[in-house]
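Here the structure comes first, spelled out in structure tokens, and everything after it is commentary.
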Amino acid sequence: MIPPKIARANILRSLVLLLLLCLAASAALGDGETAPARDPKQPVDEAYTAKIHKYTTQPFFTSPLVDYLPASKNVPTPEVVLGDVAGAPGILPYAEDVYKYMRLLEKASPRVRVFSIGKTEEGREMIAVAVSSQENLKNLDENSAQLAKLADPRTIKLDDAEADRIVARSVPVYYITGTIHSPETGAPTALMELAYRLAVDESPYIREIREGMITLITPVVEVDGRDRMVDIYLWHLSHPKDFYPPLIYWGKYVAHDNNRDAMGMTLKLTENVLNTYVGWKAQVLHDLHESVPYLYDNTAGDGPFNAWVDPILTDEWEVMGWRNVSDMTKFGMPGVFTHGVFDTWSPGYLMFIAAMHNGISRLYETFGNGGADTLERTLEPEEYARTWYRQNPPLPKVMWSQRDNNNYEETGLLTSLHYFNENKQLFLKNFYLKAKRSITKPASEGPAAYIFPADDPRTDSQAELLHVLQKQAVEISRATAAFTVTLPAKKPAKPKKDAKEKDSKEKEALPAPTTREFPAGSYIVRMDQPYSRIADALLDYQYWSPEDPQKTPYDDTGWTFGELYGVQVTRITDPKVLNAPMERVKEIRAPGGVSGESTIYVINNNAEPSLATLRYKLRDASIEAAEEPFESAGKKFSRGSFLLRNVTRAQLNDAASELGLQAAPISAMPSVKTHPVRAARVAFVHTWLSTQAEGWWRIALDNLGIPYDYISTQTAAKTGDLNAKYDVILFPPVGFSSTTAIINGLPSGWGNPLPWKNTPETPNLVGNNDSTDDMRPGLGWEGVAHLKSFVEKGGVLLTATDTSQFALSIGLADGVSVGSAQKMKIVGSVVGTRLVDAASPIAYGYDEKLSAYCNNGPIFSLSSISGARNSRRLGAETHTRPTGRGTVDDPDFAIGRAGFEVPEEPKPEAWEAPPVTDEQMHNNFRVIPPANRARVIFRYADTKELLVSGLVEGGDEIAQHPAVVDVPTGSGHVVLFSINPVYRGETRGTYSLVLNTILNFDSLNAGRKLAEK
Ligand SMILES: [Zn+2]
């Protein structure tokens, strides 16, 4: 027998042991990690939980993490703002309501703080919500200072041991962003509820996340687009039987491409998210999208991977992605997978801000209904197919609700947060290591620096490109004295196979490294800085092999910013460059102003877009363009240089200083021919089909201060005399559109009108953009006639890519045809073009070589015969000599008669029209008179020089063909672009092709040489 006292103690001890065992059992899975389970002591919000169940369409579309809502006495649930639970059918909150809720949370809980992170183009606020323990939020500044040391290892002298100590005491930051794509509507409510759970839930699983890390949430990234989308949805609710208008505008400027701006940094939302990500020294940027059933974690995407990311990161993608799939598979949720069609080449995606700044980029595609309706959804066979990476695929046909979507989003995020927190020391150490490896780049893989030489004539575009790098948090230095670096030897040409013996002479002839001196004032982007990676990725060249197993690039394949900005950038591998005398610069401005006083001033033309800005800024000044190069006071000025009169020195100095233009006084007008440069009245035409591609043109013109009337094809159809109002009509690309669609618009055979205008239900639709009572009608034949008459009567119509095809297919310009590519693949690449007609005003300021953005053409060919399709290719084949005696170069030979002289065949270049033959001149009224023939300004480079960056396959089909053509039509001109000169804020170098057309609209024939016949 055991004495009672001891027995009681033993029993107590056993009870304690049992309790500990129970706790351990409930708190751990086999792997020692905390199980997802609610805290039994915390009451559940029963009413809210009942609705979660009600709106979830299948029991397996949820998880133990989100199938209940913990109750709180003082913290409000999303219901206070939504009037229902997150993900409820019919409920889509405006950004303002989401913010209202986040601020109620902040008020009620010391675990939530809301930060304003900037404004959108239309002035709406963007926010970031931090959720963590009260203690972590109290220590935000101290923690941020610690993370800053990991983010910039120079501050701890790259000391790994010190980094380990900082890692051990730091709290990481996981940044989640929602609804950048406005028709992907589920994230805001999921993130409202997620914030609530993270702040309130006492389950060990959630508590660990809260106490171990900071979750940072921007619930709405595209705020302008969100409000438009909610408008449309409300309109749909009040017109349930009608079709609702498609979301033609998201943000003020671009739609889906708002997730392609992380290179050019043109949009406010990109800048605000980047500043938040970098400012918080966050480790992860996780962006939420909705287009794939049911959760595609494209973190571990398909190849090729971006060549500038650290392999540490690509491993992190795999580790996190597959773990995420595993966790959700264990919950029994179907359709969760990673890997898939997304390649990780382009760094343009919002999430890639993290990949390029030493963090971890992640992206979810969940399944959305484009609104809050519950719908029966039917999938394509490839979507529900079981594949090696999708062992538990989605179902072919299901009822799907916004709540289902929210369940997936929240479950995915919570498991990710939990896994990240469990392994935060690893991820923080990786964060440090990736930053350290960015700093040691010059000594490891290189390069050591990129140099922007001070003697680049395009100082303003140079400054603009450096501003992009500054927005990317890249440090810029400036040489305080001239310095010299060694440039690597050019690769020797491959030795010929038959040259067996390499004698000593040949060895001597191998090219040696050269040196180059850069002047004082040159800008230097050092690669021994924490954010060297993004600078390297933007400034380097890209090569996408035609043999790559990835046959469908997800996005652009090339983007080299120096090339597309038209500025000189030199990649330097010589580490001595880092010892050049230099200082960090904060403010970068191109030098500008007036150097003296006169009544005449001259500004050299270097194809700087700011010249156009100047023209519109100095409305009263008289400006002429020199049609030939000239010299004045010992200085050389190129064609197109501005000669300014009727402007005071002070006025010109103000404007030129601001614009980075240098004006010089001259005593007399030069003797060269000149023509006036007028501030053309510009109409900018858009369709109601898509406004994305033209949005990039609009933002470029707005940023440059070029005024225009923004009109739709419908307005063009209603405006009888376009010449009375406009000198130039810009019709930028619609984006993969057809002539049929541009003319006919959207189908009108059934359904209601599709209004795009502000009404009490839709107060946000229009903003400062355009409106219509019905989006369906297109340009129509009336509009075609108006465009035709506009050009005939002297107007200038400028088109690019698909609108060029449109203009040609309806006969607005003669003598240009569009060929169809057989095997050509140029997928968003940088290609070489070559100047053909330097005397054309469109080419003013440009050099012989110009890089441009090209996405598969179109392929233009010229003809001097009206209405003819170019048949040059056929001709080349039939014009070869027939079978007969002699060699290939001998003329043919006939028995029994003397030989004859073969008339010489003129051999036109690929960009030229075949010369008109004598035969064609015999009463051939179809020959286009010389003055009306197309004039090629730029052509594509030869096949072997066509590829600058990206993918060019089958490039011979477009090589040497016209890239920019000016077709005189009636008294006016149609200027056709095969390249897209204005694209995603990346192509400043080709902007002036458009701006020159505008400024010289009434003198486009300047310098033109006509054919003799
Ligand atoms: Zn998306």
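Following the working numbering, the residues of the sequence shown are numbered contiguously, the last one being 1744.
All residues carry an ideal CB built from backbone N, CA and C; glycine is no exception.
None of these values were measured; they are calculated from a predicted model.
Output needed for Ile1626: all residues of its chain with C-beta closer than 6 Å, excluding positions within five of it in sequence on either side, in chain order. none
Following a CB-centred definition, is His1020 positioned closer than 6 Å to any heavy atom of ligand 1? yes
Count the CB pairs spanning the region 1288-1307 and the region 1207-1224 that are closer than 8 Å, and state whether there are at least three. yes
Cβ-Cβ distance between Met1082 and Asp1018 below 7 Å: yes
Tell me, to the nearest whole angstrom, how far the beta carbon of Thr916 is from that of Gly1102; I am working on the premise that it is less than 8 Å. 6 Å
Hey, is Phe1591's beta-carbon within less than 7 Å of any beta-carbon in chain C? Looking at the structure shown, chain C is missing, and only one protein chain is on hand.
Would you list the one or two residues that DSSP bridges to Asp1028? Thr1069, Tyr1095
Under 6 Å: does the beta carbon of His1017 sit that close to some heavy atom of ligand 1? no
Are the CB atoms of Leu1707 and Pro976 nearer to each other than 7 Å? no
Residue burial classification, Asp711 (beta-carbon count within 10 angstroms, cutoff 16): Nothing can be reported for residue 711: it is not among the residues displayed for the chain, which extend from 732 to 1744.
Residue of Leu1566, Asp973, Lys880 minimising C-alpha distance to Gly1482: Asp973
Please name the residue or residues paired with Phe1158 in a DSSP beta bridge. Phe1158 is not bridged to any residue.
Through-space distance from Pro774 to Arg928, alpha-carbon basis: 13 Å
If you measure from the CB of His1070, is any heavy atom of ligand 1 nearer than 6 Å? no
Excluding the 5 residues preceding and the 5 following Glu1002 in the sequence, name in chain order all residues of the same chain whose CB lies nearer than 8 Å to its CB. Gly849, Met996, Lys1202
Could you check what DSSP says for Asp1733 in three-state terms: helix, strand or coil? coil
Roughly how many angstroms separate the alpha carbons of Thr1490 and Tyr825, rounded to a whole number? 16 Å
DSSP three-state call for Ser1560: helix, strand or coil? strand
Terminal residues of the alpha helix (DSSP H) in which Ala882 lies: 871-882
Got a sec? Which residues, its chain only, sit under 6 Å from Phe1361 by beta carbon, not counting five neighbours each side? Phe1368, Pro1401, Val1403
With H, G and I counted as helix, E and B as strand and the rest as coil, what does DSSP make of His1692? coil
Which listed residue (Val1683, Pro801, Ser1388, Ala921) has its alpha carbon closest to that of Thr910: Ala921
Excluding the five sequence neighbours on either side, which residues of its own chain have a C-beta within less than 8 Å of the C-beta of Ala1387, listed in chain order? Gly1323, Gly1324, Val1325, Ile1334, Leu1345, Gln1393, Ala1394
Start-to-end residues for the beta strand (DSSP E) that takes in Trp1131: 1128-1131
Once the 5 residues before and after Lys1061 are set aside, which same chain residues still bring their CB inside 6 Å of it? none
Between the alpha carbons of Glu1195 and Asn1434, how many angstroms are there, rounded? 12 Å
Quick check: what's the CA-CA separation for Pro1178 versus Pro1078? 19 Å
What whole-angstrom Cβ distance do Leu1593 and Pro1693 have, given they're in contact under 8 Å? 6 Å
Counting only runs of 4+ residues fully inside the region 956-1016, write out the alpha helix (DSSP H) ranges in chain order. 999-1010
Buried versus exposed call for His1653 [16 or more other C-beta atoms within 10 Å across all chains shown]: exposed
Which of the three DSSP states, helix, strand or coil, is assigned to His1406? strand
Quick check: does the Cβ of Glu915 come within less than 6 Å of any heavy atom belonging to ligand 1? yes
Which of helix, strand or coil does DSSP assign to Asp1697? strand
For His1704, verify whether its CB is less than 6 Å away from any heavy atom of ligand 1. no
Pair within 7 Å by beta-carbon distance, Glu1107 and Met1087: no
Compute every distance between the C-beta of His1198 and the non-hydrogen atoms of ligand 1, then say whether any falls below 6 Å. no
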